[in-house]
Amino acid sequence: MAERERRLTTPRGGVFVPRVQVLSAEDVSRAITRIAHEIVERNHGLSDVVVIGLQTGGVPLAKRLAQVLEEIEGTAVSSGTLDVAFYRDDIGIRPVLPEAITNIPEDLAGQLVVLVDDVLFTGRTVRAALNALADYGRARAVQLAVMVDRGHREIPIRPDYVGKNMPTRIDEQVDVSLDGVVLGDVVAR
Amino acid sequence: MTASQEPVIGERGGESGAGTVITPTRGAGAPRHLLSVSDLGAEGMEEVLRVSDAFVEVSKRVIPKVPALRGKTVVTLFVEESTRTKLSFETAAKRLSADVLSFNATSSSLKKGESLRDTVETIAAMGVDAFVVRHCAAGAPAAVARWVDACVLNAGDGWHEHPTQALLDCCTIRQVLAERDGRAPGETGVECFKGLRVAIVGDIRHSRVARSNVLAFSALGAHVTLVAPGTLLPPAVETWPVAAVSHDLDEVLPQTDVCYLLRLQAERGAGGFLPSVREYAAAYGLNARRAAALADGALVMHPGPMNRGVEIADEVPDLPRSVILRQVANGVAVRMAVLFMLLGTPQDESPTGALAGLGDAWETSGA
């Protein structure tokens, strides 16, 4: 989400110019399958697991992840979406507006929440997401799954499941979708 | 008259009257104030509605509060009495975690003869980020915006405008129509307003709600019909962006999708424009028989407070097609959206989306 936001937000944003494809669509799909197996293994099944995608980049990944989890275990997995705009720590510093509606399917008290995002960068989006989740009840545990960990953390947050560890320059941009992972630059409009 | 006509209403027609756009006192291009619906434009309104949907979701949570405006201070400066608007703004600010100073005119130094300007500057000196202003004089919020550095939100000024009422009405209509189609309000954008037949009925002359709502509905593409006795129509009604003006409610009802009733404003002397209130109620009041004559699925709306038995019969607010309490509920979400968009935007940057149109207005208005 952070990636997409930064890229699209005027006036600091600009046009994304792709440079190199790092993961193909098949690679992304395999990573999701592996992460799904890791989730099942680590939690000894899927009881009380809720998959929540961060708007907007994490949502398609979360949806796909929930599907794969259902296929693996043969049980229904509840999933939802979360927009963290109102919890960000940069409100008033840069323009922040919600991207989409939050849709959390149930009371999270006692549940095991797997947060899903496309790129883990500074960690600030995840920090905001943790605060937001707390308003929906006290989850038993929260785990973090990201497709790309690109480093440059500004707060002590670490992922539990990673699609690909990818060292980057701080001024690069990473674009993640189910079609693959692309490294590129943002050029001013 | 067409909807595309330039919306010029009342005192906005003047070159320097109330409601003209104010030069921002700091920052370059960031919108600081919400004084009129026309400051937003159709795109700005759509963005406010989109953000409002997010706050409708917040309002449904177990803990309906977000930390978005922590450390900001909002003062509700209501020089004219109000129940719902004041409580709605205060609830909205509190749910955004802002601090709220509630100003009560009757127990203030205004009673000792302090001028509005001195009062406002005194409050501003305490460090306030936003003024929510209700005043019986049109243009008072615009004046306050010139005096202080803070954001100013118009919560109703005289006969002029009540922009958040118009926004919450649009939010309610969009929400109800989307629900009927089994969709999320965000999916349709503002398409549902295209060709929507809205009748605004009653004391239009004295109504700031009518002025804001006519601007909002027409900008979004609705066909607005004003229904009122000749004496309660505003002067220069021909300059309003409405499709039609009628004096016959029964004729209009079958072609109406939204019947928007206005309160007969006795405190502004509306009674003097009528032979009798009973005669008005008989000709223009919405009773159960008339409500049944409305088009299929039509909505009944009222900004409140209602004069039961005058513009609306006692049983009508309880009909399934009445969405009056939903208007109130959505009012909190819409005011959260507006406060968040004004106060959550950096002052030295032009904002994203919604209120961006305002920045342009400043450049071109020459104000």
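Protein sequences, first through last, are from chains A and B. Mind the numbering: the first sequence is residues 4 to 192 in our numbering, read in order. Mind the numbering: the second sequence is residues -7 to 359 in our numbering, read in order. Glycine included, each C-beta is placed from N, C-alpha and C at the ideal position. Fair warning: this is a prediction, and the values are worked out from it, not measured in the lab.
| Query | Result |
| --- | --- |
| Label residue 317 (chain B) either buried or exposed according to how many other C-beta atoms from any shown protein chain fall within 10 Å of its C-beta, with 16 as the threshold for buried. | exposed |
| Taking residue 307 (chain B) and residue 290 (chain B) to be in contact with their CB atoms under 8 Å, please state how far apart those CB atoms are, rounded to whole angstroms. | So it is not a contact: roughly 16 Å between Cβ atoms. |
| Between residue 17 (chain A) and chain B, is the shortest Cβ-Cβ distance under 8 Å, so that the two count as touching? | no |
| I'd like to know whether the C-beta of residue 382 (chain B) is nearer than 8 Å to at least one C-beta of chain A. | Since the first residue shown for chain B is -7 and the last is 359, residue 382 (chain B) is missing from the structure and cannot be characterised. |
| Taking the Cβ atom as the reference point for each residue, do residue 122 (chain A) and residue 99 (chain A) lie within a distance shorter than 8 Å? | no |
| Consult DSSP for residue 176 (chain A) and reduce its assignment to one of helix, strand or coil. | strand |
| Any beta-carbon of chain A closer than 8 Å to the one on residue 354 (chain B)? | Low per-residue confidence applies at residue 354 (chain B): pLDDT is 29, beneath 50, and the placement is therefore not dependable, though the value from the model is reported in the following sentence. No - not a single Cβ of chain A is within 8 Å of the one on residue 354 (chain B). |
| For the pair the segment 41 to 50 of chain B and the segment 121 to 133 of chain B, tell me if three or more CB-CB distances fall below 8 Å. | no |
| In the segment 98 to 159 of chain A, which residue ranges form an unbroken beta strand (DSSP E) of at least 3 residues, counting only runs that do not cross its ends? | 115 to 123, 144 to 152 |
| Measuring CB atoms only, is the segment 163 to 170 of chain B touching the segment 100 to 120 of chain B, in the sense that at least three cross pairs come out at less than 8 Å? | no |
| Check the C-beta distance from residue 224 (chain B) over to residue 196 (chain B) and give it rounded, since I have them as a contact under 8 Å. | 6 Å |
| Who are the Cβ neighbours of residue 112 (chain B) in its own chain at under 8 Å, not counting the five residues just before and after it? | 69, 123, 136, 139, 140 |
| With which residues is residue 238 (chain B) paired in a DSSP beta bridge? | B:219 |
| State buried or exposed for residue 203 (chain B), treating a residue as buried only when at least 16 other CB atoms are found within 10 Å of its CB. | buried |
| Enumerate in chain order the residues of its own chain whose CB-to-CB distance from residue 158 (chain B) is below 6 Å, with the five nearest sequence positions on each side excluded. | 29, 204, 205, 208 |
| May I have the straight-line CA-CA distance separating residue 66 (chain A) from residue 56 (chain A), to the nearest angstrom? | 8 Å |
| Are the beta-carbon atoms belonging to residue 176 (chain B) and residue 107 (chain A) less than 8 Å from one another? | no |
| Going by C-alpha to C-alpha distance, which of A:51, A:33, A:46, A:28 sits closest to residue 141 (chain A)? | A:51 |
| If you reduce the DSSP assignment to three classes, tell me which class residue 377 (chain B) lands in. | Since the first residue of chain B shown is -7 and the last is 359, residue 377 (chain B) is not available in this structure. |
| Using 8 Å as the Cβ pair cut-off and three pairs as the minimum, do the segment 320 to 337 of chain B and the segment 57 to 76 of chain B touch? | yes |
| Only counting the same chain, and skipping five residues up and downstream in sequence, which positions put a Cβ closer than 8 Å to that of residue 199 (chain B)? | 151, 254, 255, 257 |
| To the nearest angstrom, how far is the alpha carbon of residue 18 (chain A) from that of residue 185 (chain A)? | 14 Å |
| Cα separation between residue 267 (chain B) and residue 220 (chain B)? | 14 Å |
| Here's the rule I'm using: 16 or more other beta-carbon atoms within 10 Å means buried, otherwise exposed. How should residue 424 (chain B) be labelled? | The shown model of chain B, from -7 to 359, leaves out residue 424 (chain B), and the question about it has no answer. |
| Determine, using beta carbons only, whether residue 140 (chain A) comes closer than 8 Å to chain D. | You won't find chain D in this structure, because its protein chains are A and B. |
| Residue 370 (chain B) lies in the alpha helix (DSSP H); which residues open and close that run? | The question about residue 370 (chain B) has no answer here: the residues shown for chain B are numbered -7 through 359. |
| Just to confirm my understanding: we take residue 152 (chain A), look at its own chain, exclude 5 residues before and 5 after, and list those with CB closer than 6 Å. What are they? | 123, 162, 165, 168 |
| With a threshold of 8 Å between beta carbons, is residue 307 (chain B) in contact with chain A? | no |
| Should residue 326 (chain B) be counted as a contact of the ligand GDP given a C-beta to heavy atom distance under 7 Å? | Because no ligand of any kind appears in the structure shown, any question about the ligand GDP cannot be addressed here. |
| Where do the ends of the alpha helix (DSSP H) carrying residue 110 (chain B) lie? | 108 to 117 |
| Give a yes or no on whether 8 Å exceeds the smallest Cβ distance from residue 54 (chain B) to chain A. | yes |
| Can you list, in chain order, the residues of its chain whose CB lies under 7 Å from that of residue 58 (chain A), leaving out five sequence neighbours each side? | 4, 84, 85, 86, 102, 103 |
| Is the CB-CB distance between residue 98 (chain B) and residue 189 (chain B) below 8 Å? | no |
| Once DSSP output is grouped into helix, strand and coil, what is the label at residue 128 (chain B)? | coil |
| Beta-carbon within less than 8 Å of residue 242 (chain B)'s beta-carbon, same chain only, minus the 5 sequence neighbours each way: which residues are those? | 282, 285 |
| Would you check if the distance between the CB atom of residue 131 (chain A) and the CB atom of residue 97 (chain A) is smaller than 8 Å? | no |
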